[in-house]
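K.L.:
Below is the structure I would like to discuss, written out as C-alpha cells.
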Ligand code: ATP
Ligand code: MG
C-alpha cells in the first residue's frame, strides 16, 4: 500500500492509543470493540489500521505488513525487536512484569544462587534472562494465559506475569515477590519504512511525540 498501515491490538492498547491518534489528526472509521473488521479505515485516505493479537504486533511491523505499530514492552522483550525501531515510549498500558508465588511460599530461600524452581509463564525469554541473572536454575513451563492458576494446582512454584493493581494475584492467594521490569507500550516502526516512507512516517512520529504525557 502507498499509505501508512498502523498495527494495533484491541482492548487497552487501542483505547489508550486513540487520544494519541486524535492528536495526530487521525480518527478511526470503526471501533474494533463493536466491529468485526480487522482492517479499519480512517478520516485520512492514506492511513488505515489493522487489528492484530497483541503478541503478533511486532511480527506485522517487522515484515512490513504495517509501517507502524503499538506494542507492550513485554511483547517486545519476547519478540527481540529485530527489524524494528522503537523511537517512542507512549507511556500507556502501564504495568509491571513480576514474579509471584503462593502466599507462604519461601521465595527468598529458593532464590539463592544454585536454587531451583518451577516457573509457569508466557514470558519465557524474560523469565530465562531474569533467573539466569540471579544464578538460579528454572524449569520453565509455557502457558498462554491464566498463569495465576499454576501455583494453586501444583503446576509451578512461581509465575512470571504482568501485574497492575495486584487484584488478580490477591484474589487467588498469590503475592508479588519481585519486580522484573516496568512495562508500558512503545511505538514501533519498520526500519525500511522509516527510510522509504519518511515523508509519511516522520510527521506521525512527531505528532505522537508531542502528544505523549510523561
Ligand atoms: P488476552 O488477555 O486476550 O490473552 P493479551 O494479553 O495478548 O490478550 P491484553 O491483555 O490486551 O492482550 O494486553 C495487551 C498489552 O497490554 C500487554 O502486552 C501489556 O503490554 C499490556 N497489559 C497487559 N495487562 C495489563 C494490565 N493489567 N495493565 C496495564 N497494561 C497491561
Ligand atoms: Mg491479557
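Numbering (the working numbering), first residue to last: -15 to 198. Beta carbons are placed, not taken as given, at the ideal position from N, Cα and C, and that holds for glycine.
Are there any heavy atoms of the ligand ATP lying less than 7 Å away from the beta-carbon of residue 146, as far as the coordinates show?
P.N.:
Checking the Cβ of residue 146 against the ligand ATP gives yes.
K.L.:
Mind checking which residues open and close the alpha helix (DSSP H) that includes residue 51?
P.N.:
Premise fails: residue 51 is in no alpha helix (DSSP H) and is neither H nor E.
K.L.:
Quick one: what does DSSP say residue 19 is sitting in, helix, strand or coil?
P.N.:
Coil at residue 19, not helix or strand.
K.L.:
Specify the secondary structure class of residue -14 as computed by DSSP and reduced to three states.
P.N.:
Of the three classes helix, strand and coil, the one that applies to residue -14 here is coil, per DSSP.
K.L.:
What is the DSSP secondary structure of residue 10, counted as helix, strand or coil?
P.N.:
Residue 10: coil per DSSP, three-state reduction.
K.L.:
Report the residue from 12, 148 and 48 whose alpha carbon sits nearest the alpha carbon of residue 160.
P.N.:
Among 12, 148 and 48, the Cα nearest to that of residue 160 belongs to 148.
K.L.:
Would residue 178 and residue -12 be called neighbours here (beta carbons separated by less than 8 Å)?
P.N.:
Going by C-beta atoms, residue 178 is not nearer than 8 Å to residue -12.
K.L.:
Residue 64 CB to nearest chain E CB: under 8 Å?
P.N.:
You won't find chain E in this structure, because it holds only one protein chain.
K.L.:
Determine, using beta carbons only, whether residue 42 and residue 172 come nearer to each other than 8 Å.
P.N.:
In contact: residue 42 and residue 172 (Cβ atoms closer than 8 Å).
K.L.:
How many Å lie between residue 186 and residue 65 at the Cα?
P.N.:
Their backbone Cα atoms lie some 20 Å apart in a straight line.
K.L.:
When you compare each of 122, 107 and 27 to residue 82 by their alpha carbons, which one comes out closest?
P.N.:
It is 107.
K.L.:
Verify the contact flag: residue 58, CB atom, against every heavy atom of the ligand ATP, threshold strictly below 7 Å.
P.N.:
Indeed, a heavy atom of the ligand ATP lies less than 7 Å from the Cβ.
K.L.:
With a cut-off of 8 Å on the beta carbons, I'd call residue 124 and residue 105 a contact; round off their distance for me.
P.N.:
Contact flag correct, Cβ pair sits at about 7 Å.
K.L.:
Helix, strand or coil for residue 186 per DSSP?
P.N.:
Residue 186: helix per DSSP, three-state reduction.
K.L.:
Output needed for residue 128: all residues of its chain with C-beta closer than 7 Å, excluding positions within five of it in sequence on either side, in chain order.
P.N.:
Result list for residue 128: 106, in chain order.
K.L.:
What does the Cβ neighbour count give for residue -7, buried or exposed, with the cut at 16 atoms within 10 Å?
P.N.:
Buried: at least 16 other Cβ atoms inside 10 Å.
K.L.:
Helix, strand or coil: how does DSSP classify residue 100 here?
P.N.:
Reduced to three states, the DSSP call for residue 100 is strand.
K.L.:
With DSSP as the reference, please indicate the residues paired to residue 31 in a beta bridge.
P.N.:
-12.
K.L.:
What is the rounded straight-line gap between the Cα of residue 38 and the Cα of residue 92?
P.N.:
In a straight line, the C-alpha of residue 38 is about 33 Å away from that of residue 92.
K.L.:
For residue 59, which of helix, strand or coil comes out of DSSP?
P.N.:
It is helical.
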